Every structure is written in C-alpha cells, then in structure tokens.
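Whatever position you read off the sequence shown (first residue = 1), add 8 for the working numbering.
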Amino acid sequence: MSADAATLPVSRTWQEMAEAVLQGESITRSEALNILTAPDREVLSILDAAYRVRLQYFGNSVQLYYLKNAKSGLCPEDCSYCSQSKVSDAPIERYAFLNAERLLEGARLAAESKARTYCIVASGRGPTDREVDHVAGVVRQIKDRYGLHICCCLGLLEPDQALRLKAAGVDRVNHNLNTSERFHEQICTTHTFRDRLQTLNVCRDAGLELCAGMIVGMGETLEDVVDVALKLSELQVESIPINFLTSIEGTPFQNLDHLHPRFCLKVLSMFRLTNPRTELRIAGGREVNLRSMQAMGLYAANSMFVSDYLTTPGQKAEEDFKMIQDLGFEVTAGDYDAQKLIEFWNQAKQELKR
Ligand code: SF4
C-alpha cells in the first residue's frame with residue numbers, strides 16, 4: 009500500500025460527513041482519501057461516523073454468507089493473488105465441477121439451517137455453456153425444493169449465459185472488480201478491468217443483482233482503493249465484499265503482507281460512507297488482517313463470511329457467533345436457531361472436506 013497520498017485538509021468532521029451521508033449527500037473523493045490517510049488516533053472517531061450510517065440502514069444486524077467451492081483450481085487465468093491460477097504452485101485441492109448431488113446436498117444443509125443465501129463459486133475464466141446448463145439445472149431443483157436465495161460466482165459471463173442463469177432462478181452474481189482500472193494489469197494480464205465491468209453490465213441487463221468488491225493489500229495506492237469504492241457506488245451494486253489479501257505461499261503475491269488492522273478499519277469505514285445503503289461484507293482475510301480487531305469491523309460492515317474461504321481456512325463458526333453476541337449484534341440469516349446454524353456450518357465444513 010502506497011502511503012504517497014498526502015493527508016488532505018479535512019473539509020468536514022467525520023460526524024459532519026456521516027450527517028451529510030444520512031441526508032442523502034455523497035462524501036467527496038478528497039474526504040474518502042482523508043479517511044484512509046487519517047492518523048490512527050482518529051480511527052475510533054471514523055468508525056463511529058461509519059457506525060452511525062450503518063445503524064441507520066442496517067441496524068445491528070449481521071448477514072452471514074457461506075461459500076460452496078463448486079470447482080477448485082485448474083484455472084487458465086493468471087490472477088497473482090489467487091491460489092487457483094495457472095501461475096500458482098499453492099498446494100490446494102483441485103477438482104472439476106461438483107455434481108448435482110453434491111450441490112443439492114449443500115443446498116439441503118443450507119435450507120435446514122434456514123440460511124438465506126447459498127453461494128455457488130467456481131474457479132476459471134468463465135463457465136462453459138455446459139457448466140452454465142449444469143448450474144441452471146441444479147438451481148432450478150434447489151429453488152423447487154428449498155426456495156433459497158442463490159448467488160453464483162462463475163467468472164466472466166456472456167449475455168446469454170447470464171440470461172440462462174436468471175431464467176433458472178439465480179438471484180445474484182458475484183464478480184469482483186478486485187482493484188482499480190489503473191492497477192488492474194498489475195494483478196492480472198489474461199483479462200482486463202473492462203472485461204470485468206462488461207460481465208457486471210451483462211448481469212445487470214439480465215436482471216440479476218450484483219455483488220462486486222475488491223481485494224485490498226495487493227500493492228495498490230490509496231487512490232486506487234478510493235477509485236474502487238466510487239466505481240461501485242456508481243454501479244449501484246447491491247453487495248460489496250471487501251477482501252484483505254491473504255498472501256498465499258506459491259502465488260506471485262506470497263510476500264505481500266503489509267496490512268494493518270487499523271488501516272483495514274479505515275477502509276471499511278470509507279466504503280460504508282461512500283456506499284451507505286449497500287450491504288458491506290468483510291470477506292477473505294478477516295482473521296489474518298483484522299486480527300484482534302475483527303469485531304470492530306462490524307461497526308462499519310453489516311455482513312461477513314463464516315467458516316472457510318475458497319482455499320484458506322476461517323475461524324470456527326462458534327467464535328464468529330460469540331463475536332457477534334459480544335457486540336450485542338444480531339444475525340439475520342433467517343429465522344433459525346443459532347445452535348442449529350453452528351451445527352450446520354460445522355457439518356458443511358466436513359462436507360466440503362469429503
Ligand atoms: S479467474 Fe478466478 S479462479 Fe481464475 S485465477 Fe483469477 S481469481 Fe483465480
């Protein structure tokens with residue numbers, strides 16, 4: 009992370025910014041940068057302003073998401089942060105698309121737990137038509153049997169593929185911007201930022217909800233982080249996952265490890281103040297980068313993943329629930345009983361290891 013952005017004069021206090029946002033105004037680009045460059049002694053005040061906005065639109069609710077890695081590794085792309093890319097030597101599990109039975113089993117567990125969203129994630133540049141048909145067929149069955157909210161993350165999509173997913177009942181597509189347009193070629197050369205935007209546009213045109221976020225900590229500047237926040241605001245995505253880079257051994261970014269919990273809190277606050285009504289999720293790298301300050305992230309964000317990430321482990325579901333309880337916040341994945349959901353996450357974790 010470059011620290012070359014000089015601290016700009018603060019035009020409004022953090023609370024004045026929150027007040028303006030609550031009145032429907034936007035904070036300026038300079039103000040967004042000021043949040044990221046603010047001295048650490050300001051962190052609590054910044055977080056307080058972000059919390060005020062979070063409280064207005066999301067109360068103290070925490071939405072939980074769970075990932076199902078439907079296809080792992082074997083990717084021809086060269087994303088430098090990713091353990092599944094062709095340039096990664098990381099010792100991960102590699103498998104082709106899970107069959108319908110495995111995907112339906114995950115959905116059954118999700119439905120039994122009354123989880124709200126079932127996320128189907130597959131590695132690769134984009135799905136083949138056969139894979140889209142496979143997912144569409146499974147999603148139809150899931151919708152018939154369980155009526156779950158479905159989010160798919162399948163890579164770059166063609167217009168007809170997005171339409172077929174929508175017709176099958178997919179509610180939302182995840183496709184991250186990952187970083188700014190300026191910095192994108194530093195993290196990937198096999199597809200462009202424009203390709204990513206194109207997929208988001210295609211999905212929007214197909215009537216799908218959008219989930220798009222970034223990975224912080226890949227060597228981008230503070231301006232790049234602000235660029236992504238403002239771009240996502242312009243795109244009016246429904247959901248923003250913020251990943252903090254977990255540097256995985258065997259990937260080109262294995263030695264990038266410079267994030268600090270206090271900076272991560274400023275990033276989350278900046279995203280909350282630039283995207284006040286959008287679901288903001290603390291995604292990959294939460295435990296590694298926020299460390300003992302993870303709970304504080306939920307004063308800005310209103311959502312998080314539980315259990316493991318795609319190829320890296322998360323903390324135990326019990327610890328996540330304790331953290332939410334300690335904050336006095338409430339999980340809103342559905343009208344489930346918390347103990348049952350803990351059992352579900354643990355069962356699902358075993359399921360993935362099969
Ligand atoms: S396209 Fe997706 S799975 Fe493939 S290397 Fe990039 S991030 Fe990883």
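Where a beta carbon is used, it is the ideal one built from N, C-alpha and C, also for glycine.
All values reported here derive from a predicted model rather than from experimental measurement.
Residue i Cβ short of 7 Å to ligand 1 heavy atom set
i: Cys-83; result: yes
i: Cys-219; result: no
i: Gly-177; result: no
i: Cys-87; result: yes
i: Ser-93; result: yes
i: Gly-225; result: no
i: Ser-131; result: yes
i: Cys-90; result: yes
i: Gly-293; result: no
i: Gly-8; result: The requested residue 8 is not part of the displayed model; the chain covers only 9 to 362.
Residue i classed as buried or exposed, judged by whether at least 16 other C-beta atoms fall within 10 angstroms
i: Asp-6; result: Examination of residue 6 is not possible in this model, given that the chain is present from 9 through 362 alone.
i: His-266; result: exposed
i: Pro-284; result: buried
i: Ser-300; result: exposed
i: Ser-19; result: exposed
i: Gly-292; result: buried
i: Ser-10; result: Confidence is the limiting factor: at Ser-10 the pLDDT is only 44, short of 50, which leaves the residue's position unreliable and the question unanswerable from this model.
i: Leu-230; result: buried
i: Leu-82; result: exposed
i: Ser-38; result: exposed
i: Thr-21; result: exposed
i: Ala-170; result: buried
i: Gln-23; result: exposed
i: Asn-263; result: exposed
i: Arg-138; result: exposed
i: Asp-12; result: Annotation note: pLDDT 42 at Asp-12 (below 50); position unreliable, coordinate value reported separately. It is exposed - the Cβ of Asp-12 has fewer than 16 other Cβ atoms within 10 Å.
i: Ala-46; result: buried
i: Lys-274; result: buried
i: Asp-213; result: exposed
i: Ala-175; result: exposed
i: Asp-48; result: exposed
i: Asn-182; result: buried
i: Asp-334; result: exposed
i: Ala-26; result: buried
i: Gly-67; result: exposed
i: Thr-254; result: buried
Beta-carbon separation (whole angstroms), residue i vs residue j, contact threshold 8 Å
i: Glu-101; j: Ser-80; result: 5 Å
i: Ile-248; j: Leu-216; result: With 8 Å as the limit, Ile-248 and Leu-216 do not qualify as a contact, their Cβ atoms being about 16 Å apart.
i: Asp-232; j: Arg-190; result: 6 Å
i: Val-70; j: Ile-250; result: About 15 Å; that fails the 8 Å criterion.
i: Tyr-73; j: Ser-277; result: Actually they do not touch by this definition, with Cβ atoms about 21 Å apart.
i: Arg-153; j: His-199; result: Not a contact, Cβ separation roughly 35 Å.
i: Leu-306; j: Phe-337; result: 6 Å
i: Ala-3; j: Asn-184; result: Because the chain here runs from 9 to 362, residue 3 falls outside it and cannot be looked at.
i: Cys-159; j: Thr-125; result: 6 Å
i: Gly-258; j: Asp-97; result: 4 Å
i: Glu-246; j: Leu-281; result: Not quite, the Cβ-Cβ distance comes to about 18 Å (not below 8 Å), so this is no contact.
i: Thr-115; j: Leu-156; result: In the sequence on display, residue 115 carries Ala and not Thr. 6 Å between Cβ atoms; contact.
i: Leu-208; j: Leu-238; result: That belief does not hold up - the Cβ atoms of Leu-208 and Leu-238 are roughly 15 Å apart, past 8 Å.
Boundaries of the beta strand (DSSP E) in which residue i is found, first to last residue
i: Gln-71; result: 69 to 73
i: Glu-217; result: 217 to 219
i: Phe-313; result: 311 to 313
i: Ile-223; result: 222 to 224
i: Ser-247; result: 247 to 252
i: Val-129; result: 125 to 130
i: Val-178; result: No beta strand (DSSP E) contains Val-178, which DSSP labels as neither H nor E.
i: Ser-288; result: What sits at residue 288 in the sequence shown is Leu, not Ser. Note, Leu-288: beta strand (DSSP E), 287 to 290.
i: Ile-158; result: 157 to 161
Segment limits, alpha helix (DSSP H) that includes residue i
i: Ile-43; result: 37 to 45
i: Glu-113; result: 108 to 120
i: Val-210; result: 201 to 213
i: Tyr-89; result: Taken as a continuous stretch (DSSP letters only), Tyr-89 belongs to no alpha helix (DSSP H), as it is neither H nor E.
i: His-142; result: 137 to 154
i: Cys-272; result: 269 to 282
i: Phe-329; result: 325 to 335
i: Asp-232; result: 230 to 243
i: Ser-80; result: Per DSSP, Ser-80 belongs to no alpha helix (DSSP H) and is neither H nor E.
i: Gly-32; result: That residue, Gly-32, is in no alpha helix (DSSP H); it is neither H nor E in DSSP.
i: Gly-305; result: 302 to 305
i: Phe-66; result: 51 to 66
Residue i CB to nearest heavy atom of ligand 3 below 7 Å
i: Arg-172; result: This structure lacks ligand 3; its bound ligands are ligand 1.
Cutoff 8 Å: residue i Cβ touching any chain E Cβ
i: Arg-116; result: This model lacks chain E altogether; it includes just one protein chain.
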